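Residue 0 is where the sequence shown starts when you use numbering that gives the first Met the number 0, and the numbers rise one by one after that.
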Amino acid sequence: MKYNTIAVIGLSWGDEGKGKITDFLAQKADTVVRYQGGNNAGHTVVCNGVKYKFKLVPSGAPLEKEIIIGNGCVIDPKVLLSELEDLLKLNKKINLKISSTAHVIFPFHRILDELEEKSKKDYAAGTTKRGIGPTYSDKAARWGLRIFDLIHPEILKQKLNKFSEIKKDIIKNFDSNWTMNIDEIYEEYNDYGKKLKPYIIDTAYYLNQEIDKGKKVIFEGAQGTLLGLDHGMYPFGTSSNSNALGISAGTGVPPKKIGPIVGIIKAYTSRVGGGPLVTELDNEISEKIRTQGKEFGTVTGRPRRIGWLDLFNIKYTIMINGVKDIVITLLDALEDIDSLKICFGYEIEGKVLESWPIQSELLEKCSPIYKTYKGWKRLSREEWSEVAKKGYNALPEEMKTYIEVIRDELKVNIAIISIGPSREDTIVLKDFF
Ligand code: GDP
Ligand code: IMO
Ligand code: MG
């Protein structure tokens, strides 16, 4: 069956390879839409020998597709403009639309992000310090400035003067020496508004019309479901609904117009930031996986925490997202490990749990229930690419067993297998468009 719209959603802690898979699927799509998060995301796309690291720009950009930043996103205009400049340097045509109601990240949000994290101590999520949480806080508390305000200098000045006075006082509670020059911020952001003006529209109205006309649209999730504000691990996650439930609120496209939710998992677990991680490994195997999977944060460069694949939490995120089709990435990064573990459940003090316990205080007490599987041998980059060309049957037998165990436990369809970072290192088992 062919669809008009699909969503690419991370089922774990982010960095599942959403950028790679969105780019791959975008080959047959018209439009790619980001609907939540901001430049806390780092989505890597590798094609024709070029590596793109997108923070805000949707991953349809290398293919010069239409790209939309929806109202649910928070936008740091400086970061966005520098990403657009990078694309222009590569002679890429930019076909961008930005929602007039997306919220704007200001310097005081970034500062508050750092100061709040410091004060939280054990409860700190290890944020990316990009101002994401404070900007969403302001949105919810109705202190926020939106993209619309940037292109209306009078409104920008008025709101900045009013709100920044209050922010100043709040920041001074953390750091009494802190000062802020509002006139400078106004000048800077007024200039960003002028530069972004040509892209700003009511994206909800536009997208609904285009979908009704039959345009093929991908909703590109950022972060992962386990980092989500309402259904992820609180307080160690992010500040938006980084799951399929966030799409409608973050774009204005109603749920009935949103096609299949394609869930992305990697062949093991990775995590940047704080909080319990039940299948975490800290030994020579995790070192090896980190090296083979190049597991260092795209945004902050931090080494990512590594663990065995956890099907127990993925079962939960499949439920939350309503996923029937999954993509498994980074299978090649598990090469040359004799035996691989998969977690099927948790126990607390000898009691086996029925479903993933979302509370972090409970997760701290959980131990994983594992089964062990045989690993596969090392291949060169070229050999993996050859395997991808030949298709599913050419995969190592042990890898096929691993994939089939995942499929049977999660009761899902395997749509795509990824065995390398490039667009070509991809095996398609189901076509969506
Ligand atoms: P995202 O945030 O979900 O888009 O993922 P990131 O781009 O932050 O992290 C995924 C990393 O894995 C990137 O460096 C990708 O280039 C890389 N990657 C994606 N799929 C594969 C794969 O199948 N194999 C390998 N070796 N790398 C992959
Ligand atoms: P992509 O889209 C992995 C994590 C941070 C921190 C928590 C809150 O590339 O998958 P924030 O800055 O959002 O307030 O930080 O969420 N985090 C991510 N981890 N991938 C991401 O994005 C992430 N975005 C935020 O490390 O624990
Ligand atoms: Mg990432």
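For glycine and all other residues, C-beta sits at the position ideal for the given N, C-alpha and C.
Owing to the predicted nature of the structure, the values given are computational and were not obtained by experimental measurement.
Residue(s) in a DSSP beta bridge with F162:
Here residue 162 refers to the residue found at position 163 of the sequence shown. Within the DSSP bridge table, the entry for F162 names no partner.
Taking only heavy atoms of the ligand MG into account, decide whether any of them is closer than 8 Å to the Cβ of D14.
To locate residue 14, count along the sequence shown from 1; it is residue 15. For the ligand MG, a non-hydrogen atom lies closer than 8 Å to the CB of D14.
Is the CB-CB distance between G249 and G236 below 9 Å?
Locating residue 249 in the sequence shown gives position 250, where the first residue counts as 1. Locating residue 236 in the sequence shown gives position 237, where the first residue counts as 1. In this structure, G236 does not lie closer than 9 Å to G249 by Cβ.
Given W177 as reference, the closest of L195, I110, V326, L362 once Cα atoms are compared:
Residue mapping note: residue 177 aligns to position 178 of the sequence shown, counting from 1. Selected option, being the one with the closest Cα: I110.
Per DSSP, what kind of secondary structure is I426 in: helix, strand or coil?
On the sequence shown, residue 426 is found 427 positions in, with the first residue counted as 1. Three-state result, I426: strand.
Beta-carbon separation of L352 and I418 under 9 Å?
Numbered from its first residue, the sequence shown carries residue 352 at position 353. Numbered from its first residue, the sequence shown carries residue 418 at position 419. It is not a contact, given that the beta carbons lie outside the stated cut-off.
E65 (DSSP reduced to helix, strand or coil):
Counting from 1 along the sequence shown, the entry for residue 65 is found at position 66. In the structure shown, E65 sits in a strand (DSSP, three-state: E or B).
How long is the line joining the alpha carbons of I405 and I313, rounded to whole angstroms?
Looking up residue 405 in the sequence shown gives position 406. Looking up residue 313 in the sequence shown gives position 314. Answer to the nearest angstrom: the Cα atoms are 10 Å apart.
Which of the three DSSP states, helix, strand or coil, is assigned to L409?
Indexing the sequence shown from 1 puts residue 409 at position 410. Correct three-state label for L409: helix.
Per DSSP, the bridge partner or partners of V261:
Taking the sequence shown and counting its residues from 1, one reaches residue 261 at position 262. Looking at the DSSP assignment, V261 forms a beta bridge with V7, D324.
heavy atom of the ligand IMO below 8 Å from R270 C-beta:
As a position in the sequence shown, residue 270 is number 271, starting the count at 1. Yes - the ligand IMO has a heavy atom lying nearer than 8 Å to the Cβ of R270.
6 Å CB neighbourhood of F147 in its chain, flanking five on each side removed
Mapped onto the sequence shown, residue 147 falls at position 148. Taken in chain order, the residues that qualify are S99.
From the DSSP output, read off the bridge partner residues of K52.
Residue numbering aside, residue 52 sits at position 53 when the sequence shown is read from its first letter. Looking at the DSSP assignment, K52 forms a beta bridge with T43.
If you reduce the DSSP assignment to three classes, tell me which class A221 lands in.
On the sequence shown, residue 221 is found 222 positions in, with the first residue counted as 1. The answer is coil: DSSP assigns A221 none of H, G, I, E or B.
So what does DSSP say about S136, is it helix, strand or coil?
Here residue 136 is taken as the residue at index 137 of the sequence shown, counted from 1. Of the three classes helix, strand and coil, the one that applies to S136 here is helix, per DSSP.
Start-to-end residues for the beta strand (DSSP E) that takes in V32:
Within the sequence shown, numbered from 1, the residue matching residue 32 stands at position 33. Here the beta strand (DSSP E) through V32 covers 30-33.
By DSSP, does N392 sit in helix, in strand, or in coil?
As a position in the sequence shown, residue 392 is number 393, starting the count at 1. Three-state result, N392: helix.
Does the ligand MG have a heavy atom nearer than 8 Å to the CB of V277?
As a working note, residue 277 is residue 278 in the sequence shown. The answer is no for V277.
With respect to the beta strand (DSSP E) encompassing N176, which residues constitute its N-terminal and C-terminal limits?
The count along the sequence shown starts at 1 and reaches residue 176 at position 177. Taken as a continuous stretch (DSSP letters only), N176 belongs to no beta strand (DSSP E), as it is neither H nor E.
On the DSSP bridge list, what partners appear for F295?
As a position in the sequence shown, residue 295 is number 296, starting the count at 1. In DSSP, F295 forms a bridge with P302.
Cutoff 6 Å; reference R129; Cβ partners in own chain excluding five residues on either side:
For the purposes of this step, residue 129 is identified with residue 130 of the sequence shown, where counting begins at 1. Annotation for R129: N38, N39 place their beta carbon closer than 6 Å to its own, counting only its chain and skipping 5 residues before and after.
Alpha-carbon spacing of M232 relative to L361, whole angstroms
Translated into positions along the sequence shown, residue 232 becomes position 233. Translated into positions along the sequence shown, residue 361 becomes position 362. The alpha-carbon atoms of M232 and L361 are separated by roughly 11 Å.
V404, DSSP secondary structure in three states
For the purposes of this step, residue 404 is identified with residue 405 of the sequence shown, where counting begins at 1. In this structure, V404 counts as helix in the three-state DSSP scheme.
Beta-carbon separation (whole angstroms), G251 vs N70, contact threshold 8 Å:
By one-based count along the sequence shown, residue 251 stands at place 252. By one-based count along the sequence shown, residue 70 stands at place 71. Sure, about 7 Å apart at Cβ, within 8 Å.
Which stretch, first to last residue, makes up the alpha helix (DSSP H) that contains T202?
Within the sequence shown, residue 202 is the residue found at index 203, counting from 1. Run containing T202: 202-211, per the alpha helix (DSSP H) assignment.
Report yes or no: do three or more beta-carbon pairs, one from the region 205-221 and one from the region 168-188, lie closer than 8 Å?
no
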